[in-house]
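Report on the structure given below.
Residue numbers (the UniProt record's numbering), protein chains in the order written: chain A, 1 to 372; chain B, 1 to 226.
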């Protein structure tokens, strides 16, 4: 277990270790005003982690500290109940009390203020989450998005020290989800507490989170800023969890530590990577590139983007998926396939079609060598 | 029409329901929420009165509570009264026989409450007791209502166990079912018919009211998660 030395400036610290019933090891912190996304596949331990922070589950070992208040410490035998932790919790299915109206649901979270002020405060919170004119409705009479807003209002009305969101957008339709993203992003700027959001959707983490931790099978695989994790996954497991599909074999053909460049050989093709980990010449490695590191644009007009990595490819298939096209292309001299999502208008502009032999460019700063 | 027997039956049903339902709420909640070793055995034991013939239950209760038994001797020593052929003995028998009718619907009702809801309530700062009173009880009302109706009606119509344990003492153990049987034995079909009709009308009315109330409560409190 890590040392007991904790930095009190950051707001929530969590160090957890457990073997059963679900194995889970996690160690992270989340500052006030920061949104931390806990990302990973189903059954990986995300919700268990959130429940432990809430005090609804008890970890075997570890410490959870919020500000200067110790919530859990197995060595000191400290175990605060959910009621004592003063948290805002929005469960996956919102956990609204079905026999209480929207207003009463929000009031039920307001036991920390005098009774006479509760109604006005609850109405104010319903307004703040953009739920106008529906305080007398029962949850069954509200839409998914409206229910989510009531749950959020109830959680925030407590003026919690931490806000916990468990898959907050999974139970609503896509259109509502898009609207709720905007609202959460707006609320985020107003909140000065740590917000921990569990999600299995990488896009949500990229859109809303300042920081993310990736959890799989109870292990914390990587933590960092979402775009940083996406462009620099630690290993192949992380890369695959992040949904990266372009992972290839290569041989290290040269290194320039001063210029911070590693040269990779793939068939006859040489690819430059703006990273120089300690690797021996001739060593076999795996490397990855995210979708945004692959460029098609303006190749046809002879203005290939400024990059030294140019690869000849042949388009094998194109699948239109809404506003984007999923392109599968095979490298000319190596038996490797690139998968790329590009906007439909760009595919049209570049006259991309199945069987077309063309060139792509790889941004060297996005070519990332994975730890073996 | 034997009004005394009807009154006795109503009294027995009410006392049974008043004692049994609160117990069933806690037992049902415990069984719905807790996982423990031997849980299926406990659940099976609760269901036993449903499958055993009433005369068999009556026999065991007669032996178990009679003046020769430890319990019977103990009660007689402290209260001076016998449990068998006595109203209090009938109450004990009715409670035991009706445990499955009370526990089952309430346990099922608790099981329909998604975990999210008590979790969210705890995170709202509500104490265990407040969650139970303000959140869980209103949500399991249809289950409680069903348990009350089932137990009340079942006690009202109980025959075998009552006859075995209580006999046929007017004003003490002669319930309306025994009175109907007595009337038939005495070829007083008019009285038997009237009493049977009263029970029939009661049963149909109560079931209709319960169904309608359950539907209304169920609709009003429909869980949006389902």
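Beta carbons are placed, not taken as given, at the ideal position from N, Cα and C, and that holds for glycine.
Span of the beta strand (DSSP E) around residue i
i             : result
residue 331/A : 324 to 331
residue 13/A  : 12 to 18
residue 26/B  : No beta strand (DSSP E) contains residue 26/B, which is instead part of the alpha helix (DSSP H) from 3 to 33.
residue 36/A  : 35 to 39
residue 205/A : Residue 205/A -> not in any beta strand (DSSP E); alpha helix (DSSP H) instead, spanning 202 to 208.
residue 73/A  : 69 to 73
Cβ shell of residue i (< 7 Å), same chain only, five flanking positions each side left out
i             : result
residue 334/A : 266, 267, 269
residue 76/B  : 67, 82
residue 244/A : 233, 288, 290
residue 176/A : 144, 145
residue 101/A : 135, 136, 137, 138
residue 170/B : 4
residue 213/B : 145
residue 179/B : 2, 5, 195
N-terminal and C-terminal residue of the alpha helix (DSSP H) that residue i is part of
i             : result
residue 151/B : 141 to 157
residue 362/A : Run containing residue 362/A: none in the alpha helix (DSSP H); it sits in the beta strand (DSSP E), 357 to 362.
residue 98/B  : 87 to 111
residue 130/A : Premise fails: residue 130/A is in no alpha helix (DSSP H) and is neither H nor E.
residue 337/A : Where residue 337/A is concerned, there is no enclosing alpha helix (DSSP H), although the beta strand (DSSP E) it sits in stretches over 337 to 343.
residue 106/A : 102 to 107
residue 40/B  : 39 to 51
residue 189/A : 174 to 190
residue 57/B  : 54 to 65
residue 165/B : 160 to 166
DSSP-derived helix/strand/coil call for residue i
i             : result
residue 123/B : helix
residue 266/A : strand
residue 88/A  : strand
residue 94/A  : coil
residue 58/A  : coil
residue 318/A : strand
residue 232/A : coil
residue 82/B  : coil
residue 308/A : coil
residue 197/A : strand
residue 281/A : coil
residue 140/A : helix
residue 167/A : coil
residue 248/A : strand
residue 217/A : coil
residue 187/B : coil
residue 158/A : coil
residue 224/A : strand
residue 24/A  : strand
Cut-off 6 Å between Cβ atoms - residues of its own chain near residue i, not counting five sequence neighbours on either side
i             : result
residue 103/B : 24, 27, 28, 46
residue 302/A : Confidence at residue 302/A is low in this model, with a pLDDT of 48, below 50, so its placement is unreliable and the value that follows should be read with caution. Within the same chain, residue 302/A has no close Cβ partners at all.
residue 61/A  : 17, 74
residue 87/B  : 172
residue 347/A : 325
Buried or exposed (CB count within 10 angstroms, at least 16 for buried), residue i
i             : result
residue 167/A : buried
residue 115/B : exposed
residue 321/A : exposed
residue 344/A : exposed
residue 124/A : exposed
residue 325/A : buried
residue 39/B  : exposed
residue 260/A : exposed
residue 118/A : buried
residue 149/A : buried
residue 155/A : buried
residue 101/B : buried
residue 77/A  : exposed
residue 117/B : buried
residue 218/A : buried
residue 136/B : buried
Nonlocal neighbours in the same chain, by C-beta distance under 8 Å from residue i, ignoring five residues either side
i             : result
residue 209/A : 35, 36, 37, 197, 226
residue 229/A : 212, 214, 222, 223, 238, 242
C-beta neighbour in chain C for residue i, strict 8 Å
i            : result
residue 32/B : No chain C is present in this structure, whose protein chains are A and B.
May I ask you to list, following chain order, the residues of the region 109 to 121 of chain A that have a beta carbon less than 9 Å from some beta carbon of chain B?
-> For the region 109 to 121 of chain A, the set of residues with a beta-carbon nearer than 9 Å to any beta-carbon of chain B comprises 109, 110, 111, 112, in chain order.
Under 9 Å (Cβ pairs) to chain A, residues found in the region 105 to 118 of chain B | For the region 105 to 118 of chain B, the set of positions with a beta-carbon nearer than 9 Å to some beta-carbon of chain A reads 114, 115, 116, 117, 118 in chain order.
Taking a cut of 7 Å between CB atoms, which residues from the region 33 to 58 of chain A lie near chain B?
-> From the region 33 to 58 of chain A, only 54, 56 have a Cβ closer than 7 Å to chain B.
Residues of the region 159 to 171 of chain A whose Cβ lies closer than 7 Å to any Cβ of chain B, in chain order | Here the close residues number zero.
What are the residues of the region 253 to 284 of chain A that lie near chain B, defined by any Cβ-Cβ distance shorter than 7 Å?
-> Result list empty, no residue passes.
Chain B contacts from the region 173 to 201 of chain A (Cβ-Cβ distance under 9 Å) | Listed by position, the residues of the region 173 to 201 of chain A near chain B (Cβ gap below 9 Å) amount to none.
Chain-ordered residues of the region 129 to 153 of chain B with a beta carbon less than 8 Å from chain A | Shown in chain order are the members of the region 129 to 153 of chain B whose Cβ falls below 8 Å from a Cβ of chain A: 134, 135, 138, 139.
Residues within the region 85 to 101 of chain A neighbouring chain B, beta-carbon criterion of under 9 Å = Going along the region 85 to 101 of chain A in chain order, one finds 85, 86, 87, 88, 89, 90, 91, 92, 93, 94, 95, 96, 97, 98, 99, 100 with a Cβ nearer than 9 Å to chain B.
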